[in-house]
Amino acid sequence: MYQRRNKSRVLILIAAALLLTQGVYGLVACWRENNWWPAPYCLAAIIAGLGIASRRWWSKPLVVALVLLLLIPGIWIAWRATTSGVFHNRYAFEIFLMVLPGLAYLGLAAFCAYVAIKHVPGRSR
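Oh and the sequence shown: position 124 is 126 in this note's numbering, straight run, nothing missing.
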């Protein structure tokens with residue numbers, strides 16, 4: 003029992019660190035490029051990271067919403083790249099290297115959603 007609780011705590015801290023890093027990195031990028039359009043997403047990532055770290059019930063739907071907001075445009079971009087011929091006449095290894103960063107990013111987002119769903123308690127009455 004103690005080992006499971008310790009594992010849960012570590013997973014929560016990793017997911018919180020990932021969300022906080024994404025949010026802070028995004029805000030720094032917004033400031034450097036003077037483009038504040040993505041700033042609400044970055045602030046929501048910071049709030050979600052703090053919520054997961056403190057195991058608040060409201061962080062679970064916030065993380066899932068952020069992951070969906072990331073996943074839907076990612077699928078659209080992959081679809082547009084495929085239909086526009088970006089991968090045409092390329093070797094499989096080249097295609098793998100082109101999509102690997104996006105897949106890794108989506109994998110980390112899915113990890114955060116898994117941790118939020120599995121290890122953050124629901125709303126108690």
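Yeah, the Cβ is synthetic: ideal placement off N, Cα and C, and Gly gets one too. As the structure is a prediction and not an experimental result, all values here were calculated from the model.
Below-8 Å beta-carbon distance, Q5 vs any chain C residue: Protein chains in the displayed structure number just one, and chain C is not present.
Continuous alpha helix (DSSP H) stretch holding S61: start and end: 61 to 85
Burial state of L72, where buried means 16 or more other Cβ atoms lie within 10 Å: buried
Rounded distance between the beta-carbons of A55 and I128, thought under 8 Å: Within the shown structure, residues of the chain are numbered from 3 to 127, placing residue 128 beyond reach of any answer.
Close Cβ partners of A83 (< 8 Å) along its chain, the five nearest in sequence each way excluded: F89
Selected residue, minimal CA-CA separation from V65, among Y43, I77, I79: Y43
For C88, the first and last residue of its enclosing alpha helix (DSSP H): Reading off the sequence, residue 88 comes out as Val, not Cys. That residue, V88, is in no alpha helix (DSSP H); it is neither H nor E in DSSP.
Where I8 sits in the DSSP three-state scheme: As written in the sequence, residue 8 is Asn, which differs from the Ile given in the question. Looking at N8 - three-state DSSP - the assignment turns out to be helix.
CB contact flag (V69, A112, <8 Å): yes
Bounding residues of the alpha helix (DSSP H) (the contiguous stretch that carries P40): First-last for P40: undefined, no H or E at that position.
Under the three-state DSSP convention, the category G28 falls into: helix
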